[in-house]
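Asker: Residue numbers (this note's numbering): 994 to 1361. Here it is, the structure in full.
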Amino acid sequence: MGHCWCKQNYMLINRCILTKLSIIRFFHGRIAIELHLILQILMLNCLKSRRELDYMAYKKVFDANKATREEWLEFRKSGIGGSDMAAILGLSKYRSALDVWMDKTGRTIPSNDDGNRFTYWGTKLESIVADEFAIRTGYSVRNNNFTLQSVEYPFLLANIDREIVGIDAGLECKTASAFKVDEWQGDSVPDAYYIQCQHYMAVTGKKSWWIAALVGGNDYYYKEIPRNDNVIEAIIEAAQEFWSFVLTDTMPAVDGSDSCQEALRQLYSSTQPESVQLEDTADIYAEAYLKAKADKKDAEERAKEAQNNLCQLLANNEVGYTQNHKITWKYKKAIDGFDKKGLAADYPDIFSKYVIKNDPVRNQFSCK
C-alpha cells in the first residue's frame, strides 16, 4: 500500500481518543482547555491525512519480473494506464480512444512483434536516461517493476519508470527523434506526456513528476511537472466515463485520426455486399464530409494560385526572399521509372518470383 505511514496516523488518532478524557480530568481550567484544543487540532490533522491517503492510496497488483510480456499485456486490459489516458483524451498522435477500447474489450488483433523501432529503443535506453537524470540532479532513482492500482478508482493503473528517492515524486523516461526537438524547448512538454505524468500522480498521490528525454541521441532535457488537481479531476472523470464504455461494451465516439480509421477497418474487416438504410444522422455526416472535401479542394486551388504567382516573381531564380519568408523553386532529382508490365510480359517467371502479395484493405470510400 502506498504511503506506509497511514497505520501510524491511524493509531495516533486512537491514542488521542483514549487519552483525551484522562488528560482533561487531570488538569483544570485554562490548561485543560488549551490541551483540549491541541488534541483537537492534532486529531483533525490526522484525520485530514487519513482522508488524503484514502483518496490517493494505491497498491501493487502485478509484478512484471515474474510474468511474460504476453501476460503483462493481458493484465493491462484490466484498467487504464498513463499512455491510454492520453489517447482517451485525444492527445496521442499514435492511438485513438477507439484503439484503447478495442484493446480493453479484446477486439484488437494480436501483433507478432513487440512494437516498432521507436518503442524498442525507448525501452533499451530507459536506464541510460534514468541514470543521466540521477547524475544531473543528484537524486537517487529506483526501479518499480510493479503495476500500481488506485484503491479508490481500481480502473486507474500506472506502470512507472522510476521512483525518486527522498522526495514525493516519480520519473518518466523518454526518447525522441531530432525532428521533435521543438516539443522540448523551454518549459514545454508534449501534451500526451503531460497527461501521462498527471495520470501517474492521480494513482500514486505524488506531488510532482519529473520527465527526462534523450532527443536525437545527443540532446538531453529534464523537467519537473507539478501536480495539477484540476487536470487530475478531469482525468478521473474521463476515465470513469471511458471505463463504463468498456464494462457495457459500448463503443466510444470516433474521431478524425488515422489510428481511429485503422481501428474501424480492423473492427469491421468482414463485409457483405447487401445495401442497408442508414439512420438519419448519416445525412449530417455525409453533408459535413462533402463540405469538407469541397473546402479542401477550394483551399488547394487557392494555394496553387498563390504558388504560381510566386513562381512568376521568381522567374529564373531558384531562391527569393520577402520581408518574412524564403521562397524556393528548384529542380527535383529525377527518379527513374520501372516498367512493371513489361517485365511481367517478357519474364513472367522472374516477375512472379518477386511479387509480394498483400491482404486486401478496406479503404475505398465514397460519398455522393
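Here a beta-carbon is modelled for each residue, glycine too, at the ideal position from N, C-alpha and C.
Cβ of A1185 within 8 Å of Cβ of F1126?
Answerer: Locating residue 1185 in the sequence shown gives position 192, counting from the first residue. Locating residue 1126 in the sequence shown gives position 133, counting from the first residue. No, the pair does not count as a contact, with Cβ atoms beyond the cut-off.
Asker: Does D1332 pass the burial test, meaning 16 or more other C-beta atoms within 10 Å, or should it be called exposed?
Answerer: As a first step, residue 1332 is located in the sequence shown; it is residue number 339 there, counting from the start. So D1332 counts as exposed.
Asker: Beta-carbon within less than 6 Å of L1336's beta-carbon, same chain only, minus the 5 sequence neighbours each way: which residues are those?
Answerer: As a first step, residue 1336 must be located in the sequence shown, where it is residue number 343. Closer than 6 Å at Cβ, skipping near neighbours: F1344.
Asker: Which partner residues does C1166 have in the DSSP bridge list?
Answerer: To locate residue 1166, count along the sequence shown from 1; it is residue 173. A1205.
Asker: With H, G and I counted as helix, E and B as strand and the rest as coil, what does DSSP make of Y1347?
Answerer: Looking up residue 1347 in the sequence shown gives position 354. Here Y1347 sits in coil by DSSP.
Asker: Is the beta carbon of V1054 less than 8 Å from the beta carbon of Q1142?
Answerer: Here residue 1054 refers to the residue found at position 61 when the sequence shown is read from its first residue. Here residue 1142 refers to the residue found at position 149 when the sequence shown is read from its first residue. Cβ distance < 8 Å, so V1054 and Q1142 count as in contact.
Asker: With H, G and I counted as helix, E and B as strand and the rest as coil, what does DSSP make of E1027?
Answerer: Taking the sequence shown and counting its residues from 1, the one referred to as residue 1027 is at position 34. Residue confidence for E1027 is low, a pLDDT of 49 falling below 50, so the modelled location carries little weight; the figure read from the coordinates is stated next. It is helical.
Asker: Would you report the Cα separation of S1133 and W1203, rounded to the nearest angstrom?
Answerer: As a position in the sequence shown, residue 1133 is number 140, starting the count at 1. As a position in the sequence shown, residue 1203 is number 210, starting the count at 1. Their backbone Cα atoms lie some 13 Å apart in a straight line.
Asker: Can you list the alpha helix (DSSP H) stretches of 4 or more residues lying completely in the stretch 1251 to 1295, in chain order?
Answerer: Counting only runs of 4 or more, we get 1251 to 1260.
Asker: What residue does the alpha helix (DSSP H) around E1119 start on, and which one ends it?
Answerer: What you label residue 1119 is simply residue 126 of the sequence shown in a count that begins at 1. Per DSSP, E1119 belongs to the alpha helix (DSSP H) from E1119 to T1130.
Asker: Along the chain, where does the beta strand (DSSP E) that runs through I1073 open and close?
Answerer: As a position in the sequence shown, residue 1073 is number 80, starting the count at 1. Run containing I1073: none; DSSP gives neither H nor E here.
Asker: Given F1068, which residues of its chain have a CB within under 6 Å of its CB, disregarding the five upstream and five downstream residues?
Answerer: Residue numbering aside, residue 1068 sits at position 75 when the sequence shown is read from its first letter. Excluding residues within five positions, the ones whose Cβ falls inside 6 Å are F1055.
Asker: Taking Y1193 as part of the alpha helix (DSSP H), name the residues at either end of that continuous run.
Answerer: The residue labelled residue 1193 in the question sits at position 200 within the sequence shown. Y1193 -> alpha helix (DSSP H) spans D1184 to T1197.
Asker: Inspect the CB distances between the stretch 1109 to 1129 and the stretch 1217 to 1225 and report whether three or more fall short of 8 Å.
Answerer: No, the stretch 1109 to 1129 does not touch the stretch 1217 to 1225.
Asker: If you pair each beta-carbon of the stretch 1149 to 1163 with each one of the stretch 1172 to 1187, do three or more pairs fall below 8 Å?
Answerer: Touching, no, given that fewer than three Cβ pairs across the two stretches are closer than 8 Å.
Asker: DSSP on E1311, reduced to helix/strand/coil?
Answerer: The count along the sequence shown starts at 1 and reaches residue 1311 at position 318. Coil at E1311, not helix or strand.
Asker: Could you give the residue range of the beta strand (DSSP E) that holds D1056?
Answerer: Here residue 1056 refers to the residue found at position 63 of the sequence shown. Segment Y1051 to D1056, the beta strand (DSSP E) holding D1056.
Asker: If we count the other Cβ atoms within 10 Å of its Cβ and call it buried at 16 or more, is I1128 buried or exposed?
Answerer: Along the sequence shown, one-based indexing puts residue 1128 at 135. I1128 is exposed by the Cβ-count criterion.
Asker: Report the residue ranges of all beta strand (DSSP E) runs contained in full by the stretch 1201 to 1249; include only those spanning at least 3 residues, in chain order.
Answerer: Runs of the beta strand (DSSP E) inside the stretch 1201 to 1249: 1201 to 1208 and 1212 to 1219.
Asker: Per DSSP, which residues does F1139 bridge with? Please list them.
Answerer: Stepping through the sequence shown from its first residue, residue 1139 is reached at position 146. Note: F1139 sits in a beta bridge opposite D1056.
Asker: Give a yes or no on contact between the stretch 1089 to 1096 and the stretch 1248 to 1266, applying the rule of three or more CB pairs nearer than 8 Å.
Answerer: The stretch 1089 to 1096 is in contact with the stretch 1248 to 1266.
Asker: Going by Cα to Cα distance, which pick from I1328, T1197 and Y1347 is closest to K1052?
Answerer: The residue given as residue 1052 occupies position 59 in the sequence shown. Of the listed residues, the one whose Cα sits closest to K1052 is T1197.
Asker: Since A1057 and F1148 are thought to touch, with beta carbons under 8 Å apart, how far apart are those beta carbons, to the nearest angstrom?
Answerer: On the sequence shown, position 64 is the one that residue 1057 refers to. On the sequence shown, position 155 is the one that residue 1148 refers to. Actually they are not in contact, since the Cβ atoms of A1057 and F1148 sit about 19 Å apart, beyond 8 Å.
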